[in-house]
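Enquirer:
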């Protein structure tokens, strides 16, 4: 009883101004950031989690034997395996959308989170939460799509779980995937490693996934269909590593888009990042759709795009390598890390004037991944 | 993007800015009326291209910002009713009332939905005959025709489960109220292009004449705004006070006649309270008696709320151009877009929110 009291006294509800969870708490903007920091970060804090990377990086020893003698420990140290692990849940609506579906998305998204550690993705788990009444044919199509995506990514789905919930207690189908990959390089790829002078590269045009979902959901008709950019990017990342590019940080541009990713990294690294509007690739149809809906393409989600912070001297080479891969053929250099400072991201507008590029504050698009 | 990139061209912008520099011989104070223009000015950094002699004042033309706290509270009261599907444009959902906002009401289980057109709300009412569908009708003359059309269609279809909470406002009475204030510093106006696309600009001639003030109907892209400023400066420099149309690709003198007819058919002009400013006579639209059954405030017999704004908020002074957002001690600390104290921080088009988003350092 006394313990309970102590627990209550030392653990006040961290986000007291929000008595209920809002959609914006999952929207990728400032509110979600706060939720992660103040609820999960505070409760689960440990050195691996606290790096706030897309995937956790850790080492495990090879199995067998005990490590009682110093010589054994030394031998074992050389056999440590460096791994990356990540998990993600997919609740996208509609289940099928132009350019993909919840199944392929659940593979690509998790593979890409692993790739952001420079890891080679190996294994996935999958958890299905299925609402009673889902057509079996729909489930089969999704499962086949997952199988094909996994094959394309070179990963195996090695374990899984299935739950069926009452009609009305789910929304057709939710999928969770957890991924494990192996880190075969010696680089330290993490937000904290970003430093002044680093070049900021983006792997392609922005905003396609978010706008593809939005167009379907809202019944918006454009001259051409905007297709999601959902795709695995690990090959592009591994090519950078194999070429010896000095990579300081990678981040995939999902919810919250480029603006959120840059702000998160500026915060973690304590730097000022400057990017230029005219250098950031956005396709014309995406731009038009965003203008119509009053959205900023830099806040819109992507599912096959990432940013790379690389040493300035490697920028040109990295760009050539990225452009040589199909998934990142539209890569561009969009800015640089200016200096160590209070976290700040600035954007030079088309008129040549600088301003803050802020994290979106609430929800941009509901449930897009 | 075609028809857009042309109006964001950096080189042309610099040329126009240089022309404004040449034309300006003394300090000039110009108000852009519309929140969309404020947003573009701060987002693209247009004001930073201008000579120091020119001061831009950010006007009251953000409908989300000027919707009174009382009306937001009424919306929250209606939305919380179990039989109601409450529909609204997305940006109203974040606006806090005196205790909560629509997003929080939604999180507690109320049926609150974003629609892109009031006609979508009419469709919802048809599809859900057992539910009461309410649309939150806010905005200037720009959105009034669509709101009017929704009421008109609902009446034609005989829908009894559709109603609207209306807080429509009008631009010319707001300009009149600003100009008649003894503290007014505004020497020229950029009128809101989209409002004039509907209403034309006939109604601005008496204002220009009465207050000897240039009024330039202006668009929303950087080059539009720079061009509008140049036209206003040229008028001031040559001692003219005329109504001019910079936004000729969208606006005609007479405006959109069918849209105006529809507004007149459904609405009458009524006094309206503006958040941050106070009551302005003949400055709003309310339903005509023939359409009174679609008035949600009447249908749900809402109590007449009276709510006080936080005393610390200087939104009223900002909307009149007497203060800038940075002048407020609460700006960016006790007052942020997540927790706004007042009108100009609540919507992304409000002056304080635009400064917070793009310039808080």
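Residue numbers (this note's numbering), protein chains in the order written: chain A, 6 to 374; chain B, 11 to 371.
Glycine included, each C-beta is placed from N, C-alpha and C at the ideal position.
(1) Step through the CB atoms of chain A and report whether any lies within less than 7 Å of the CB of residue 167 of chain B.
(2) Answer yes or no: do residue 223 of chain B and residue 251 of chain B have a C-beta to C-beta separation smaller than 7 Å?
(3) Between residue 51 of chain A and residue 238 of chain A, how many whole angstroms is the CB-CB distance? I'm expecting something under 8 Å.
(4) Give the secondary structure of residue 51 of chain B by DSSP, where H, G and I count as helix, E and B as strand, and everything else as coil.
(5) With DSSP collapsed to three states, give me the class of residue 181 of chain B.
(6) With 8 Å as the limit, tell me which residues of the region 38-61 of chain B have their beta carbon closer than that to any beta carbon of chain A; keep them in chain order.
(7) Any residues in the region 106-124 of chain B with a beta carbon nearer than 7 Å to a beta carbon of chain A? Which ones, in chain order?
(8) Going by beta carbon distance, what residues of the same chain come within less than 7 Å of residue 148 of chain A, once the five residues before and after it are set aside?
(9) Would you please verify whether the beta carbon of residue 363 of chain A is less than 7 Å from any beta carbon of chain B?
(10) Reducing DSSP to helix, strand and coil, say where residue 78 of chain A ends up.
(11) Nearest-angstrom Cα distance between residue 223 of chain A and residue 84 of chain A?
(12) In terms of residues, what are the limits of the beta strand (DSSP E) holding residue 161 of chain A?
(13) How is residue 318 of chain A classed by DSSP in three states: helix, strand or coil?
(14) How is residue 266 of chain B classed by DSSP in three states: helix, strand or coil?
(15) For the region 99-126 of chain B, which segments carrying the beta strand (DSSP E) assignment without a break, of at least 3 residues, lie completely within its bounds, in sequence order?
(16) Whole alpha helix (DSSP H) runs in the region 317-368 of chain A with 4 or more residues, listed along the chain?
(17) Residues bridged to residue 204 of chain A by DSSP?
(18) Looking only at its own chain, which residues have a Cβ that is under 7 Å from the Cβ of residue 326 of chain B, when we skip the five neighbours before and after it?
(19) Which ranges does the beta strand (DSSP E) cover as unbroken runs of at least 3 residues, wholly within the region 173-250 of chain B, from first to last along the chain?
(20) By Cβ distance below 7 Å, which residues in the same chain neighbour residue 240 of chain B in space, the five residues on each side in sequence not counted?
(21) Taking the beta carbon of residue 317 of chain B as the centre, do at least 16 other beta carbons fall within 10 Å, making it buried, or is it exposed?
(22) By DSSP's criteria, residue 134 of chain A is part of a beta bridge. Which residues make up the other side?
(23) Can you tell which of A:206, A:319, A:190, A:276 has the C-alpha that lies nearest to the C-alpha of residue 62 of chain A?
(24) Could you tell me which residues DSSP pairs with residue 128 of chain A in its beta bridges?
(25) Please confirm whether residue 211 of chain B has its beta-carbon closer than 7 Å to some beta-carbon of chain A.
(26) Determine whether the Cβ of residue 360 of chain A lies closer than 7 Å to any Cβ atom of chain B.
(27) For the ligand SAM, any of its heavy atoms closer than 6 Å to the Cβ of residue 215 of chain B?
(28) For residue 64 of chain A, does the count of other Cβ atoms within 10 angstroms reach 16, so buried, or fall short, so exposed?
(29) Using C-beta distances below 7 Å, list every residue in its chain close to residue 107 of chain B, excluding the 5 sequence neighbours before and after it, in chain order.
(30) If we cut at 7 Å on Cβ distances, does residue 175 of chain A have a partner in chain B?
(31) Looking at the structure shown, is residue 45 of chain A part of a helix, part of a strand, or coil, going by DSSP?
(32) Establish whether the CB of residue 368 of chain B and some CB of chain A are separated by less than 7 Å.
(33) Output, in chain order, the set of chain A residues within a Cβ distance shorter than 7 Å of residue 360 of chain B.
(34) Using the three-state DSSP reduction, which class does residue 367 of chain B fall into: helix, strand or coil?
(35) With respect to the beta strand (DSSP E) encompassing residue 38 of chain B, which residues constitute its N-terminal and C-terminal limits?
(36) Thinking C-alpha only, which one of A:165, A:187, A:95, A:153 is nearest residue 121 of chain A?
Expert: In this structure, then:
(1) Numbered from its first residue, the second chain carries residue 167 of chain B at position 157. The C-beta of residue 167 of chain B comes no closer than 7 Å to any C-beta of chain A.
(2) Locating residue 223 of chain B in the second chain gives position 213, counting from the first residue. Locating residue 251 of chain B in the second chain gives position 241, counting from the first residue. Between residue 223 of chain B and residue 251 of chain B, the gap from beta carbon to beta carbon is short of 7 Å.
(3) Taking the first chain and counting its residues from 1, one reaches residue 51 of chain A at position 46. Taking the first chain and counting its residues from 1, one reaches residue 238 of chain A at position 233. Not confirmed; about 28 Å, so no contact.
(4) In the second chain, residue 51 of chain B corresponds to position 41, counting from 1. Helix.
(5) Locating residue 181 of chain B in the second chain gives position 171, where the first residue counts as 1. Helix at residue 181 of chain B.
(6) Cβ contacts with chain A: 52, 53, 54, 55, 56, 58, 59.
(7) Close to chain A, meaning a Cβ-Cβ distance shorter than 7 Å, are the following residues of the region 106-124 of chain B: 113, 114, 117, 118.
(8) In the first chain, the residue the question calls residue 148 of chain A occupies position 143. Within the same chain, and ignoring the five residues on either side of residue 148 of chain A in sequence, the residues whose Cβ sits closer than 7 Å to its Cβ are 108.
(9) Counting from 1 along the first chain, the entry for residue 363 of chain A is found at position 358. Closer than 7 Å: yes.
(10) The residue given as residue 78 of chain A occupies position 73 in the first chain. Its pLDDT being 49, under 50, residue 78 of chain A is placed unreliably by the model, and the measurement read from it follows with that caveat. Reduced to three states, the DSSP call for residue 78 of chain A is helix.
(11) Looking up residue 223 of chain A in the first chain gives position 218. Looking up residue 84 of chain A in the first chain gives position 79. Cα-Cα distance, rounded: 53 Å.
(12) Here residue 161 of chain A refers to the residue found at position 156 when the first chain is read from its first residue. In the DSSP assignment, residue 161 of chain A falls within the unbroken beta strand (DSSP E) covering 161-170.
(13) Within the first chain, the letter at position 313 stands for residue 318 of chain A. Residue 318 of chain A sits in a helix when the DSSP states are folded into three classes.
(14) Looking up residue 266 of chain B in the second chain gives position 256. Reduced to three states, the DSSP call for residue 266 of chain B is coil.
(15) The region 99-126 of chain B contains these whole beta strand (DSSP E) runs: 121-124.
(16) Considered as a whole, the region 317-368 of chain A harbours 320-328 as its complete alpha helix (DSSP H) runs of no fewer than 4 residues, in chain order.
(17) What you label residue 204 of chain A is simply residue 199 of the first chain in a count that begins at 1. DSSP links residue 204 of chain A through a beta bridge to A:315, A:341.
(18) As a first step, residue 326 of chain B is located in the second chain; it is residue number 316 there, counting from the start. Only 286, 287 meet the Cβ criterion.
(19) List check, beta strand (DSSP E) in window: 198-202, 225-228.
(20) For the purposes of this step, residue 240 of chain B is taken as residue 230 along the second chain, with counting starting at 1. Only residues of its own chain outside the window of five on either side were considered, and among them 26, 29, 30, 33 have a CB closer than 7 Å to the CB of residue 240 of chain B, listed in chain order.
(21) The residue labelled residue 317 of chain B in the question sits at position 307 within the second chain. With fewer than 16 other Cβ atoms within 10 Å, it is exposed.
(22) Start at 1 with the first residue of the first chain, and residue 134 of chain A comes out as number 129. Looking at the DSSP assignment, residue 134 of chain A forms a beta bridge with A:168, A:179.
(23) Counting from one through the first chain, the residue named residue 62 of chain A turns up at place 57. For the residues A:206, A:319, A:190, A:276, the minimum Cα distance to residue 62 of chain A belongs to A:190.
(24) For the purposes of this step, residue 128 of chain A is identified with residue 123 of the first chain, where counting begins at 1. BP columns for residue 128 of chain A point to A:161, A:185.
(25) Reading the second chain from its first residue, position 201 is the one you call residue 211 of chain B. Not closer than 7 Å to any Cβ of chain A, the Cβ of residue 211 of chain B fails to qualify, so no.
(26) Taking the first chain and counting its residues from 1, one reaches residue 360 of chain A at position 355. With respect to chain B, the C-beta atom of residue 360 of chain A has a partner C-beta closer than 7 Å.
(27) No copy of the ligand SAM occurs in the structure displayed, which carries no ligand at all.
(28) Position 59 of the first chain holds residue 64 of chain A. That one is exposed.
(29) Start at 1 with the first residue of the second chain, and residue 107 of chain B comes out as number 97. Within the same chain, residue 107 of chain B has close Cβ partners 79, 82, 83, 86.
(30) Position 170 of the first chain, counted from the start, is the residue given in the question as residue 175 of chain A. Not closer than 7 Å to any Cβ of chain B, the Cβ of residue 175 of chain A fails to qualify, so no.
(31) To locate residue 45 of chain A, count along the first chain from 1; it is residue 40. Correct three-state label for residue 45 of chain A: helix.
(32) Within the second chain, numbered from 1, the residue matching residue 368 of chain B stands at position 358. Flagged as an interface residue toward chain A: residue 368 of chain B, by a C-beta distance shorter than 7 Å.
(33) Start at 1 with the first residue of the second chain, and residue 360 of chain B comes out as number 350. What residue 360 of chain B touches in chain A: nothing, since even the nearest Cβ is about 13 Å away.
(34) On the second chain, residue 367 of chain B is found 357 positions in, with the first residue counted as 1. DSSP places residue 367 of chain B in helix when its eight states are reduced to three.
(35) Here residue 38 of chain B refers to the residue found at position 28 when the second chain is read from its first residue. Its beta strand (DSSP E) spans residues 38-44.
(36) Translated into positions along the first chain, residue 121 of chain A becomes position 116. That would be A:187, whose Cα lies nearest to the Cα of residue 121 of chain A.
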